[in-house]
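Structure, as structure tokens:
Protein chains: 4
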Amino acid sequence: MDVNEKYFSNITSRERAIFEGAITMGALFHQFVGTPVNKDSKESLENAIKESLELQPAIEKVDAKIDLDRLNDTLSDFEYTSLSGDMLDIRIHTKVDNVKAIIRIEFIEELNYPLMYVEDIEEL
Amino acid sequence: MDVNEKYFSNITSRERAIFEGAITMGALFHQFVGTPVNKDSKESLENAIKESLELQPAIEKVDAKIDLDRLNDTLSDFEYTSLSGDMLDIRIHTKVDNVKAIIRIEFIEELNYPLMYVEDIEEL
Amino acid sequence: MDVNEKYFSNITSRERAIFEGAITMGALFHQFVGTPVNKDSKESLENAIKESLELQPAIEKVDAKIDLDRLNDTLSDFEYTSLSGDMLDIRIHTKVDNVKAIIRIEFIEELNYPLMYVEDIEEL
Amino acid sequence: MDVNEKYFSNITSRERAIFEGAITMGALFHQFVGTPVNKDSKESLENAIKESLELQPAIEKVDAKIDLDRLNDTLSDFEYTSLSGDMLDIRIHTKVDNVKAIIRIEFIEELNYPLMYVEDIEEL
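In structure tokens form, the structure reads like this:
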């Protein structure tokens, strides 16, 4: 069976690039939010996020940054906090056929919450 | 600030309908997979999945079904199992402007894994 | 193989009652935190928490309450929020042989975080 | 307020060492199960598990190993799998006052599931 033909012929390459990145972004959010983190463990968590997400279909590259300043604001007396959506600054780069897209999550001050959106999308 | 204008003017209503449904589908997967479940608790879990996902932006309706037969196959001696992706049969209905989309996850025998795809999308 | 004899003979019934309740409490926290919730969906989420946790070994009963006031404080413009540890008020009742224990999580104002502790433990 | 006196004076140091390790073990399970993983990303995920868990109260050290053989068995056509409880081989070392405990999860062939238990506990 050709999965692409059977299940994805009703959407364009552009739409598929958005679809795969958005699935991965939604998954990331609920997979890692809540993990204990502080400035010493930040890097290992960023690496795990990056390396696990890059395994998924259509994902070319992932830039994962945990915002240290937001992290420090919420440190408890135990000197660590739980990773929250507000701390995430992540770009998921997808490629489907000749289309590349970047799905982004970042905290938007004006909205006071972390927004997921399509930062860039282009046909090569 | 107009969020839609600032962050979503680079994609069409059709693409946005796919984007929002895919975010929610990815999130669902990692939020609920792993939850203990058996035939008695199945309905309460389906309800919680449905009601929590319907809160999210652009989501009109969610049909959430946990496949009982797949569930019974994996029951441990303690008479329950952990919810896995294989058991999910879910449709997320999104609406953005005049576009309606259905994002689906279901186990595909031929692939031997649960596939997420755009089951239907149409302009009204 | 007698699992209890092989793996649990080094701890008392009292210790086992604490162990099983604590495993379940830790699991609960990371399973459900992050789920979208508002006042309309609160009850279905409480039910799903209760019914899924009660499936686990040694768990007699679970009282799951999501604190509505804490919930309302954090409602976003979209009229829902993500379940956080601060909102949880949960008692997990365990029974191992003749010992009953209650493992509790509740938000403690003085500490400014949700504390997990053994609320009560007694031999019958 | 003395948290230990107010909330933990009803249990012994031995019981507390078990309690804290079990909370962390339960949390770990639901935090990381489901993460995409293969042999290349295994190490970054083990590191993230280890470093995040070591932040929690009373946790001295964590040995986190993902079982590669179990992993290879379940690799999909996309060359990765989702982390499952069956692949976890983890020891959480706790210390409370003069008591040290090791909480373990490992897959037990005879039981056909991953068991959590107290591997060792001793007063110094």
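So the protein lines, in turn, are chains A, B, C and D. For the first sequence, my numbering assigns the number 27 to the initial residue and increments by one for each residue that follows. For the second sequence, my numbering assigns the number 27 to the initial residue and increments by one for each residue that follows. For the third sequence, my numbering assigns the number 27 to the initial residue and increments by one for each residue that follows. For the fourth sequence, my numbering assigns the number 27 to the initial residue and increments by one for each residue that follows. Yeah, the Cβ is synthetic: ideal placement off N, Cα and C, and Gly gets one too.
- Straight-line measurement puts the Cα of D28 of chain C at about 16 Å from the Cα of D123 of chain C.
- A residue is called buried when at least 16 other Cβ atoms come within 10 angstroms of its Cβ; L114 of chain D meets this threshold and is buried.
- For E148 of chain A, DSSP records a beta bridge to A:K126.
- A contact between stretches requires three or more CB pairs, one per stretch, nearer than 8 Å, and the region 105-113 of chain D meets this requirement with the region 53-65 of chain D.
- Within the same chain, Cβ atoms closer than 6 Å to the Cβ of I116 of chain B are found at A90 and I131, the five residues on either side in sequence being excluded.
- Chain-ordered listing is empty here: chain A has no CB closer than 7 Å to the CB of V63 of chain C, the nearest sitting near 14 Å.
- If you draw a straight line from the Cα of S78 of chain D to the Cα of S70 of chain D, it is about 12 Å long.
- Judged by DSSP in its simplified three-state form, D95 of chain A adopts helix.
- If you compare the alpha carbons of B:F133, B:I134 and B:I118 with that of A127 of chain B, the shortest gap goes to B:I118.
- Scanning A:L150, A:E149 and A:E145 for the CA closest to the CA of F34 of chain B turns up A:E145.
- Taking a C-beta cut-off of 9 Å against chain C, the contacting residues of the region 108-129 of chain A are S108, S110 and G111, listed in chain order.
- Among the CB atoms of chain D, one or more fall inside 8 Å of the CB of N36 of chain C.
- Assignment of beta-bridge partners to P83 of chain A by DSSP yields no partner.
- Taking C-beta atoms under 8 Å as the contact rule, I147 of chain D and R40 of chain D qualify, at a distance of about 7 Å.
- Inter-residue distance for K87 of chain B and F45 of chain B is about 16 Å (C-alpha atoms, whole angstroms).
- Under DSSP, H56 of chain B shares a beta bridge with no residue.
- At least one C-beta of chain D is nearer than 8 Å to the C-beta of A74 of chain A.
- Under the 8 Å criterion on CB atoms, S70 of chain C is classed as interfacial with respect to chain B.
- Interface criterion met: the Cβ of G60 of chain B is under 8 Å from a Cβ in chain C.
- Secondary structure note for E105 of chain D: it is in no alpha helix (DSSP H), with a DSSP letter that is neither H nor E.
- The three-state reading of DSSP puts E46 of chain D in helix, counting H, G and I together.
- By a beta-carbon distance limit of 8 Å, F55 of chain A contacts A53 of chain B. Their separation comes to about 6 Å.
- From the listed residues A:L81, A:S110 and A:I85, the smallest Cα separation to L94 of chain A is found for A:S110.
- Each residue's CA atom was taken as its position, placing T50 of chain C and E72 of chain A some 28 Å apart.
- Minimum Cα-Cα distance from G60 of chain B among the listed residues C:K68, C:G47 and C:L81 corresponds to C:L81.
- In terms of Cβ geometry, I134 of chain C and A48 of chain C do not form a close pair [threshold 8 Å].
- CA-to-CA, the gap between E31 of chain A and A84 of chain B works out to about 27 Å.
- Counting only Cβ-Cβ distances below 7 Å, F45 of chain A has contacts in chain B at I44, A48 and V144, in chain order.
- In the displayed model, M51 of chain D falls within a helix according to three-state DSSP.
- Interface residue (Cβ-Cβ distance to chain B less than 8 Å): Y139 of chain A is not classified as such.
- Flagged as an interface residue toward chain C: E136 of chain D, by a C-beta distance shorter than 8 Å.
- Per DSSP, the unbroken alpha helix (DSSP H) holding K32 of chain D starts and ends at V29 to F34.
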